[in-house]
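Each residue of the sequence shown is one higher than the one before, starting from 5 at the first, in the numbering used here. Single-structure report; data block below.
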Amino acid sequence: METRLTDLKLFHYPRACSRVTMVALETIGAPYEDQVINLMAGDHYKPAYRNTNPRGKIPALLIDGTLLTENVAILTWLNETYPEAGLLPRVNGALAKAQQLSDLVWVSSVWHPTVRANKMPSRWTMGDIEPVRERGKDLMTPLIEHLESRLATSEWYYGDAWSIVDTYLYWCYTTAEEGQFSLDGFDRIARHRRAQEQMPTFQAAIAREQN
C-alpha cells in the first residue's frame, strides 16, 4: 500500500502552467496548502522563494518538506501516489507507462515552448517580437490540427475518460489563444474546452487561484 503524504504545499501563479498541477491536486482530493509566487513582481527571483526553490520556477510542490519541480515530474508522482484519482489511465507494463510519460513530456517540451512564442514572444528575443509570434503561430498550427484530428472519435485525449493530459493541452491552446492564435473552426477543440471547463475539479482550481 502506498504511504499517503498529506503535507503538500504548491507554489503557483494564477493562469500559469501551475494551474495544471493545481487541477491535479484538486482531483486527488488530498489537502494541500498553496502560495502564490507573483511572477510579474519578480518574486521568483527573490531570496524568499529561491531559498525554497533555487530553480526559481513554478509549479513547485513541497512534499513533507521535500521539493519537487516541473509539471511532468509532479504529475507523474501524484499519479503514482494516488492512482485511484485517475490522473492518467491505468496501464500495465513499463512500455505503456513510458508512453504516457512520453505524452506528458511532448506537451511540456513541444507544446509549452511553442505556446510561449505566441503568448510571450519577448521571452525568445531581444528584438522585434512580431516575427517570433508569427513563427509561434506557424509551429502551433500542426499541433492544433493534430489534436483536432485526435478528438474526432473521442471526447478526451485518451478516449472516453478525462486525464491530466487534457488539462495540460487545454492550458496550452487557451494560452496560445491569448497570444493571438485563433482557434476558430476547430470545433472538436471547442467541445474539449467546454468539457474541461465544466469539470468540478477544474472549477475548484480556478476558484482557488482567485482567492
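Beta carbons are placed, not taken as given, at the ideal position from N, Cα and C, and that holds for glycine. Since the structure is predicted, the reported quantities are computational estimates derived from the model, not experimental observations.
Rank the options by C-alpha distance to the C-alpha of residue i and give the top, closest one.
i, options, result
"Thr80", "Leu99, Gly69 and Leu105", "Leu105"
"Pro87", "Ala34, Glu213, Val109 and Ser126", "Ala34"
"Arg195", "Glu152, Tyr162, Leu143 and Cys21", "Glu152"
"Val119", "Arg54, Met44, Ala211 and Glu181", "Glu181"
"Asp191", "Ser158, Asp47 and Thr56", "Ser158"
"His150", "Ala165, Val95 and Tyr177", "Tyr177"
"Leu82", "Ser186, Ala208, Gln207 and Ile168", "Ile168"
"Asp11", "Ala45, Trp128 and Gly69", "Gly69"
"His16", "Pro51, Asn75 and Ile32", "Asn75"
"Leu143", "Trp128, Ile32, Arg198 and Pro117", "Pro117"
"Phe145", "Asp188, Ser22, Glu84 and Leu71", "The identity of residue 145 in the sequence shown is Thr, whereas the question assumes Phe. The residue with the shortest Cα to Cα distance from Thr145 is Asp188."
Determine, using beta carbons only, whether residue i and residue j come nearer to each other than 8 Å.
i, j, result
"Ile78", "Thr25", "yes"
"Thr179", "Lys123", "yes"
"Leu91", "Ala20", "no"
"Glu37", "Lys13", "yes"
"Val114", "Tyr172", "no"
"Val136", "Ala121", "yes"
"Val109", "Lys101", "no"
"Trp166", "Met130", "no"
"Gln207", "Tyr174", "no"
"Glu213", "Pro18", "yes"
"Gly60", "Arg54", "yes"
Across which residues does DSSP place residue i in a beta bridge pair?
i, result
"Ala64", "Phe15 and Thr73"
Helix or strand or just coil, what does DSSP make of residue i?
i, result
"Thr205", "helix"
"Gly140", "helix"
"Val40", "strand"
"Trp160", "strand"
"Lys101", "helix"
"Met5", "Residue placement at Met5 cannot be trusted, given a pLDDT of 38 that sits under 50; what the coordinates show is reported in the next sentence. Looking at Met5 - three-state DSSP - the assignment turns out to be coil, as it is neither helix nor strand."
"Leu155", "coil"
"Trp128", "helix"
"Arg198", "helix"
"Ile168", "helix"
"Ser106", "helix"
"Ile210", "helix"
"Tyr174", "helix"
"Leu91", "coil"
"Ile133", "coil"
Identify the continuous alpha helix (DSSP H) that holds residue i and give its terminal residues.
i, result
"Tyr53", "Pro51 to Arg54"
"Leu279", "Absent from the structure is residue 279, since the part of the chain shown begins at 5 and ends at 215."
"Thr10", "Element bounds for Thr10: n/a, residue is neither H nor E."
"Val111", "Careful: Val111 lies outside any alpha helix (DSSP H) and carries neither H nor E."
"Ala45", "Note, Ala45: premise wrong, no alpha helix (DSSP H); not H, not E."
"Pro117", "His116 to Lys123"
Hey, does residue i have any beta-carbon neighbour from chain B nearer than 8 Å?
i, result
"Thr145", "Any reference to chain B falls outside this structure, which holds one protein chain only."
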